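For what it's worth, my numbering labels the leading residue of the sequence shown as -4, then goes sequentially.
See below for the structure under consideration.
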Amino acid sequence: MTPFKKTLLFIHRWLGFISGLVVFIVSITGCIYCFQDEIQDALYDYRHVEVQSKPYMAPSLLKAEALKGRKGATASYIYYYGIDRPAGVLVSVPKQGLLYVYMNPYTGKIIHTESPTKNFFIIVEYIHLYLLLPAKVGQMVVGVSVIVFIVLMITGIVLWWPKRKSDRKRSFTIKWGGRWRRVNYDLHNVLGFYATSVAIILAITGLSIAYDWVREGIYTTANLGKAHPEEKAVFKSDSLLIGKVDTTQVINKALLAARAGSPKAEMYLIYDDATKAGAVGVTAYAQTMHYYKSDSYSFDKYSGRLLNRTAHEQRSAGAKMNYMNYDIHVGQILGLPGKIIAFLASLICASLPITGFIIWLGKRKKSKSKKVKTVVHRRTVRQHLPAN
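Here it is in structure tokens:
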């Protein structure tokens, strides 16, 4: 082995020790989370409702129903997940925290109430993002470990890549008939090779969710450095109208306007900013439970005047990349095949710290065994040397 590869192996090995446990946890939780929508749809009845011919109930009425009997509670987010899915209101209750209130979008009847801290998949998501540590600390630990993991994948490919072309075909397959240590070695190297490209994409999209600087880097790179200030504009309501108009109907008008502007959208998110100058935002998603293609609307919260409309087609390449980030991260950008690919890649990533540790343990034992044999051999030789 060349001095360069020895140095690379040293770096690869110790970075693996540093990040291995975190990479395993993040990868396993990623596997579980990939199919969370499908699993929850199969387990819980409240995730589907019967389609009715009448229109959706007004968001102001859903909000009022969700807040009823909850003193001091507020709600800024209202969801319409689809024609055969419930509506949802995210309620913040003093001393209790957040509650998801799921309702029939046609009747306003509450069909399920849930604390995020008691939903298995949300707990899995929090482990995936923060390891259940305080957010800032957990995000830093996970982020650094994921960056280290990207370096590990690259150094692993460099270390493993066969020198001779004649060896490459043989190196790309697992020798299942070999000894278990050989099979473990192949599982680490061969599966790691096949998963590398997908794993790096998953890692970068994960970092983009966690860090603004990664998101900005993707945005700038995809736009080839060109600035699009209109995409970062913040729209505000005319606070001079405070107390002069009835604002309860504005979110209703906002939803109607968004549905008229994006008639093919399947899912809607309404954000009712509670600050004085905050606007009412509506995002119209092209497909239920998918977040890539969407149109965004901003309305004055007092007059209901349309402040801005941005269609998916109008966005820059960088903005589109950031909007598709979540769908890429969980694989659903490619539908079910994409989710299967993301699941398998995450599973392989979870196995790499284990197989890598076994390889290191085997080499360590082998090295100790060689040292013992050398010492025994030297003693034997000394015993048979003629006395002076």
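We put the CB at the ideal spot given by N, CA and C, even for glycine.
Remember, it's a predicted structure, so these values are computed and weren't measured experimentally.
What do you get for residue i, buried or exposed, if any count of 16 or more other CB atoms within 10 angstroms of its CB means buried?
{"i": "A37", "result": "exposed"}
{"i": "P224", "result": "exposed"}
{"i": "Y51", "result": "buried"}
{"i": "S22", "result": "buried"}
{"i": "F(-1)", "result": "exposed"}
{"i": "T150", "result": "buried"}
{"i": "F12", "result": "exposed"}
{"i": "S257", "result": "buried"}
{"i": "H7", "result": "buried"}
{"i": "Q327", "result": "buried"}
{"i": "D207", "result": "exposed"}
{"i": "D40", "result": "exposed"}
{"i": "P81", "result": "buried"}
{"i": "A340", "result": "buried"}
{"i": "V325", "result": "buried"}
{"i": "L93", "result": "exposed"}
{"i": "K66", "result": "exposed"}
{"i": "A337", "result": "buried"}
{"i": "A130", "result": "exposed"}
{"i": "A269", "result": "exposed"}
If you measure between the beta carbons of residue i and residue j, is that distance less than 9 Å?
{"i": "I343", "j": "A194", "result": "yes"}
{"i": "S346", "j": "L186", "result": "yes"}
{"i": "S14", "j": "S140", "result": "yes"}
{"i": "V275", "j": "D290", "result": "no"}
{"i": "Y97", "j": "M284", "result": "no"}
{"i": "E261", "j": "I34", "result": "no"}
{"i": "G138", "j": "L202", "result": "yes"}
{"i": "I73", "j": "L264", "result": "yes"}
{"i": "G313", "j": "T215", "result": "yes"}
{"i": "V277", "j": "Y297", "result": "no"}
{"i": "I354", "j": "H123", "result": "no"}
{"i": "A61", "j": "V84", "result": "yes"}
{"i": "N320", "j": "I145", "result": "no"}
{"i": "A217", "j": "K315", "result": "yes"}
{"i": "R176", "j": "G357", "result": "yes"}
{"i": "Y266", "j": "S71", "result": "yes"}
Could you tell me which residues DSSP pairs with residue i in its beta bridges?
{"i": "V178", "result": "Paired residues: none, contrary to the question."}
{"i": "G83", "result": "Y74 and Y97"}
{"i": "F294", "result": "V275 and L301"}
{"i": "H107", "result": "Y97"}
{"i": "G92", "result": "V88"}
{"i": "S289", "result": "Y280"}
{"i": "T168", "result": "In DSSP, T168 forms no bridge with anything."}
{"i": "T410", "result": "Not covered by the structure: residue 410. The range shown for the chain is -4 to 383."}
For residue i and residue j, I'd like the C-alpha separation in whole angstroms.
{"i": "Q31", "j": "I105", "result": "23 Å"}
{"i": "Y101", "j": "V44", "result": "9 Å"}
{"i": "W9", "j": "T2", "result": "11 Å"}
{"i": "E308", "j": "I196", "result": "24 Å"}
{"i": "V370", "j": "A205", "result": "Note that V370 scores a pLDDT of 49, beneath 50, so its modelled location is shaky and nothing firm can be said."}
{"i": "L127", "j": "T112", "result": "11 Å"}
{"i": "L4", "j": "K271", "result": "58 Å"}
{"i": "Q282", "j": "Y318", "result": "13 Å"}
{"i": "T69", "j": "G220", "result": "41 Å"}
{"i": "N247", "j": "A253", "result": "10 Å"}
{"i": "V119", "j": "A190", "result": "23 Å"}
{"i": "W155", "j": "F167", "result": "10 Å"}
{"i": "L16", "j": "Y180", "result": "19 Å"}
{"i": "I349", "j": "L147", "result": "14 Å"}
{"i": "T108", "j": "Y125", "result": "25 Å"}
{"i": "L259", "j": "D322", "result": "The sequence given here places Lys at residue 259; Leu does not occur at that position. Going from the Cα of K259 to the Cα of D322 covers about 19 Å."}
Using a C-beta cutoff of 9 Å, does residue i count as contacting chain B?
{"i": "D268", "result": "Going by chain labels, chain B is absent from the structure shown, which holds only one protein chain."}
Inset, instruction - Can you check the segment 198 to 281 for any beta strand (DSSP E) of at least 3 residues that lies completely inside it and give the ranges in chain order? - result: If only complete runs of 3 or more residues are kept, the segment 198 to 281 shows the beta strand (DSSP E) at 262 to 267 and 275 to 280, in order along the chain.
Inset, instruction - Would you list, in sequence order, the uninterrupted alpha helix (DSSP H) runs of no fewer than 4 residues that lie entirely inside the segment 301 to 341? - result: 312 to 318 and 320 to 324
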